[in-house]
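Residue numbers (UniProt numbering): 1 to 887.
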């Protein structure tokens, strides 16, 4: 059943109303009075929303009341966002006018009085709009008295989430893994290909078991090729073949037909023993399986297809069809069973209690009774663990068993009901974050930073730190799974179980829609708030997009999220886009050329509510100036923007911008103009303390110590990767005072660029750096994981790198004068007292634990280095003729 969740919307309205009162946007007292009345009305409604949201499942009238309230609340939020945006624009305009050269007091007075009539008319119209919204809310609010709704504050999660990552825990599948591996390694010389189906209900762990088998060393050694394909309910042969080809190193080519794809695949697998995993298969049509089998029979004898499915019919059809003509016998599916009660208890204790079982026997008895109702399904056990970890085992577990966990059925519908219990225990803002995931298809690999930013853009949470904490909580409660980390230990990608996705679909309702067919495109409800059309849906949408879809999109004018491929629309898509006046998030997935991208971004500049803009463009050399008309924009991501050379001159007008992503690993060397105010000079970095991720500081040959400020990077505690670049062109004429030696000048600049100790990756590069030594602060980077020094031609000495306990990767390249490490005894200074032609110091004996975490060392072009210390567990690579390694 779809849920109406309004507490986060109410909070947004109250926050914006308070901000507007402080901004004093309205010159009319009438406006401020209406704003205050609206705030009072929303506060009264908010007080009973928690009770109403819980009662909507049992009282249909309450549900209808919430749905009616929802539309007006969203309209109120949009109106206040309009007002906030105009207030922000007004402030920006006044600041720009006052900072214009030759601005006189008289011109300022003229500016203010010329804008006064327009401001009065605007305030008057807004006052009427606020009153109209408030009166609607007042009428709806009166109805709440008939439902006896109680005033209740929202429950806060009682346990503290930490940065530590919950480990992947698998219990009770050791024998299943051995059995499946034995089947896969069993060689049948008569069959080129055979099928091994793993069958079981959703949530039992079929995919987890298949992954354990797929990653096993014996399986790795036995098969020449291994491929994993997530299938789900869409058994499209072209899509499956394309995924298979990508897994074996094929570079995708758009527009290939089925015959071309199967020819490419045959060439890759012919005569090779392969293992193909088809995960989460629903297809029961014999013809589809026969077609797939025709393309796979060229594999070597002993090739296997491992299938995970909930359906025994799929196992029968697939197993009976997808095999060579010479194979005999029936395929016997591997029926995966639920965990025993002891295994369930073991898994629960590890997930909910950190491996420590309760001492009270009565609590354990209650816990086992609860787990008995989970049917041995690991997914259900995981979600229940998320609830009970915050409850007292001695008395709250019993209340939970009696009051909330009544289901005794062990079928799949009951498991979904169990998952729903975990959802019901989430705070409202987390419910909104979870239901938003309905936009993405089953099997989607979520980009965690993207998801976190989208939640902030929608106003579900205020900051990215809070959003990330929200994600961790949902992960710990098993709403997400298969979380992967990047090189710095940050969460990068994750998955979602199909049953959890089914839950998101059921509770989100029609306000959140992913369009997969032309008929759905033509029947979008007018109250839809979030829309998505993904790449894999493109073929299904091309069949009948003859303009009818355009009309339906025009009706959905309240949309706040649009994720889509432009090619599914007609030529008038720009006008349709402008009809989405409430849009907060726009992500265009289809890659566009430079001219098309520039035109589209010009239209986008009129969407004043926009917080997140993601564009896939190539050949675009500059961002249109119209983008700077988006004062609410928080994230600007331009994929494939390899030709980008210039940012708009008025880029500072994007006062809310927190993320600017334009493929810096490719385009950093091509940006020729950075507008003043966002890093064109070192002193402009002083106030940008919210910077996070990676920062590249270029053209340091032109930096001046006197005008750069002191320690411009020290307060940037979220910065994880830093590149300090002294590269210079042949035509580059550096502005350095002749009275100051170049080496001293560069060392002073480097000393001022001291980052926060949280930094994890540092690169210092460029032949323009003429310093003899590096900086004092380098040894103080106690969390540094990777350090690179490249092309620093005059650098002779490094500080005591062995003082960096976390250093795992060290790269030194093209430093011909480098002689070794300066022994400063940990004093934090770089006084050159005793240089040595090695990466050790004389005080280090053989027992010194040098670089305890180092796993990779690369040295090239350092002829004056003559000796390396002993690194028992380090991968060492060097290209220096005089260098000797103490094995």
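Glycine is no exception: its CB is placed at the ideal position from the N, C-alpha and C atoms.
Hey, how far is the Cα of residue i from the Cα of residue j?
i, j, result
"residue 723", "residue 236", "45 Å"
"residue 721", "residue 820", "25 Å"
"residue 479", "residue 377", "15 Å"
"residue 418", "residue 234", "27 Å"
"residue 653", "residue 631", "7 Å"
"residue 727", "residue 382", "52 Å"
"residue 627", "residue 611", "12 Å"
"residue 772", "residue 633", "44 Å"
"residue 973", "residue 384", "Lying before the first or after the last residue shown, residue 973 is absent from the chain, which here runs from 1 to 887."
"residue 249", "residue 288", "25 Å"
"residue 708", "residue 800", "Any answer about residue 708 is weak, because its pLDDT of 48 lies below 50 and its placement is not dependable; what the coordinates show is given next. Using only the alpha carbons, I get a separation of about 27 Å."
"residue 533", "residue 858", "46 Å"
"residue 649", "residue 625", "8 Å"
"residue 802", "residue 811", "14 Å"
"residue 240", "residue 305", "13 Å"
"residue 890", "residue 309", "Residue 890 is absent from the model: the chain starts at 1 and stops at 887."
"residue 363", "residue 397", "7 Å"
"residue 457", "residue 280", "33 Å"
"residue 482", "residue 204", "15 Å"
"residue 651", "residue 207", "47 Å"
Within a Cβ cutoff of 8 Å, which residues of the same chain sit near residue i, ignoring the five residues on either side of it in sequence?
i, result
"residue 333", "197, 198, 199, 312, 315, 316, 319"
"residue 371", "341, 344, 345, 348, 381, 384"
"residue 139", "none"
Which term fits residue i, buried or exposed, when burial requires 16 or more other beta carbons within 10 angstroms of its beta carbon?
i, result
"residue 395", "exposed"
"residue 645", "exposed"
"residue 526", "exposed"
"residue 952", "This structure cannot settle anything about residue 952, because the visible part of the chain is limited to 1 through 887."
"residue 913", "Residue 913 cannot be examined here, being either before or after the span of the chain that is shown, 1 to 887."
"residue 169", "exposed"
"residue 582", "buried"
"residue 142", "exposed"
"residue 629", "buried"
"residue 656", "exposed"
"residue 42", "buried"
"residue 718", "exposed"
"residue 732", "Its pLDDT being 49, under 50, residue 732 is placed unreliably by the model, and nothing is read from it."
"residue 60", "exposed"
"residue 296", "buried"
"residue 277", "buried"
"residue 782", "exposed"
"residue 338", "buried"
"residue 853", "exposed"
"residue 365", "exposed"
"residue 221", "exposed"
"residue 187", "exposed"
Taking 6 Å as the limit between beta carbons, can you name the residues of its chain near residue i, skipping five residues before and five after?
i, result
"residue 433", "455, 460, 470"
"residue 668", "Low per-residue confidence applies at residue 668: pLDDT is 49, beneath 50, and the placement is therefore not dependable enough to give any value."
"residue 792", "769, 815"
"residue 300", "271, 272, 273"
"residue 247", "227"
"residue 716", "689, 691, 756"
"residue 185", "222"
Considering only residues of the same chain and omitting the five flanking positions on each side of residue i, which have a CB-CB separation below 7 Å?
i, result
"residue 603", "574, 577, 578"
"residue 352", "385, 388, 389"
"residue 238", "258, 261"
"residue 747", "771, 773"
Beta strand (DSSP E) runs contained entirely in the region 200 to 224, provided each spans 3 or more residues: none
Counting pairs of beta carbons, one from the region 210 to 230 and one from the region 166 to 178, are three or more of them closer than 8 Å? yes
The region 221 to 233 contacting the region 384 to 404, beta-carbon criterion three pairs below 8 Å: no
For the region 360 to 378 against the region 491 to 498, are there 3 or more C-beta pairs whose distance is under 8 Å? no
Note down, one range per segment and in chain order, each alpha helix (DSSP H) of at least 4 residues found wholly within the UniProt domain "Disease resistance N-terminal" (11 to 91). 29 to 55
Given 8 Å as the limit, is there contact between the region 344 to 359 and the region 439 to 449, that is, 3 or more CB pairs closer than that? no
Is it true that the region 604 to 624 meets the region 47 to 64, where meeting means three or more beta-carbon pairs spaced less than 8 Å apart? no
Any chance you could list the beta strand (DSSP E) runs of at least 3 consecutive residues sitting entirely within the region 274 to 359, in chain order? 274 to 281, 303 to 309
Should the region 753 to 764 be called in touch with the region 779 to 788, which here means at least 3 C-beta pairs below 8 Å? yes
Only counting runs of 3 or more residues, tell me where the beta strand (DSSP E) segments fall wholly within the UniProt domain "Disease resistance protein winged helix" (439 to 504), in order along the chain. 481 to 485, 491 to 495
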